[in-house]
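Quick notes on the structure that follows.
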Amino acid sequence: MGLRIHFVVDPHGWCCMGLIVFVWLYNFFLIPKIVLFPHYEEGHIPGILIIIFYGIAMFCLVALVRASITDPGRLPENPKIPHGEREFWELCNKCNLMRPKRSHHCSRCGHCVRRMDHHCPWINNCVGEDNHWLFLQLCFYTELLTCYALMFSFCHYYYFLPLKKRNLDLFVVRHELAIMRLAAFMGITMLVGITGLFYTQLIGIITHKTVPVCGEGSGTPLQYSCLEKPMDGGAW
Ligand SMILES: [Zn+2]
Ligand SMILES: [Zn+2]
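Here the sequence shown is numbered in this note's numbering, starting from 25 and rising by one per residue.
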């Protein structure tokens, strides 16, 4: 299944995603400015660590855009239902279209999504069959970037030698403590949130692997995984 472009018109989702982009921009510009470049210039860290930071940050941004604009698994208006699988399909009473039973109607997107996991306001998109892997990639890179930034923030105050050359004319130097406290607050919030999310996703993957999913294999009875409800409108 090729990845199709998808754009959800939802002001609530735009605000949530705008907040995520703000957190990314804040750390993308201020962590190197306050921590990485000054310590590199004084010979405390090698330049490769700065390149790694920017590399992970770019992977994170690309994963965010891809998870957000990829079609999560919208059903076509006239789906071709494989012969012998009709018992695993049902009519959605909201959009009046046939869908596999593991699909779910998302009220925010306004259509049904195959194997819908949940609607994530932070990416302003549903997480379904076609973008679940992209969503997990985004979580992984965000977790990595957060740990990396928090580690350097910690080292800046408790491990690296103090900086000798400091230009107090710069706004970011004069307000360094407040900026770094806010960065640490954002980092810890993201870390706790995504770790919790990873845990629930992992449990979901393990649960799905242990039971067959409807429509797979011919003549199989309706398995209970078909009856699971996704986390519609959940916090993530
Ligand atoms: Zn529907
Ligand atoms: Zn949705």
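Idealized CB from N, CA, C, for every residue including glycine.
Secondary structure at residue i, three-state DSSP: helix, strand or coil?
i: C163; result: helix
i: C39; result: helix
i: N149; result: strand
i: M140; result: coil
i: H156; result: helix
i: H63; result: helix
i: I69; result: coil
i: V33; result: coil
Decide if residue i is buried, meaning its Cβ has at least 16 other Cβ atoms within 10 Å, or exposed.
i: I29; result: exposed
i: F178; result: exposed
i: S131; result: exposed
i: R198; result: exposed
i: M210; result: buried
i: M175; result: exposed
i: F31; result: exposed
i: H143; result: buried
i: G67; result: exposed
Note down, in chain order, each residue of its chain lying with its Cβ closer than 7 Å to the Cβ of residue i, except the 5 sequence neighbours on either side.
i: T213; result: none
i: L115; result: M122
i: A87; result: L158, Q161, L162 and Y165
i: M3; result: Here the chain has residues from 25 to 260 only, and residue 3 is not among them.
i: L54; result: V196, I203 and A207
What residues in its chain sit with their C-beta under 8 Å from that of residue i, if we drop five residues either side in the sequence?
i: G134; result: C119
i: V33; result: none
i: Y172; result: I76, F77 and I80
Grab me the residues of residue i's own chain with a C-beta within less than 6 Å of its C-beta, minus the 5 sequence neighbours each way, in chain order.
i: I69; result: H63
Practice item. Run through the region 73 to 114 for me and flag every whole alpha helix (DSSP H) of 4 or more residues, listed as ranges in chain order. Key: none
Review point. If you measure from each residue's Cβ to the nearest non-hydrogen atom of ligand 2, which ones come out under 5 Å, in chain order?
Key: C130, R132, C133, H143 and C150
Check your understanding: Which residue spans inside the region 172 to 209 form an unbroken alpha helix (DSSP H) run of at least 4?
Key -> 195 to 198
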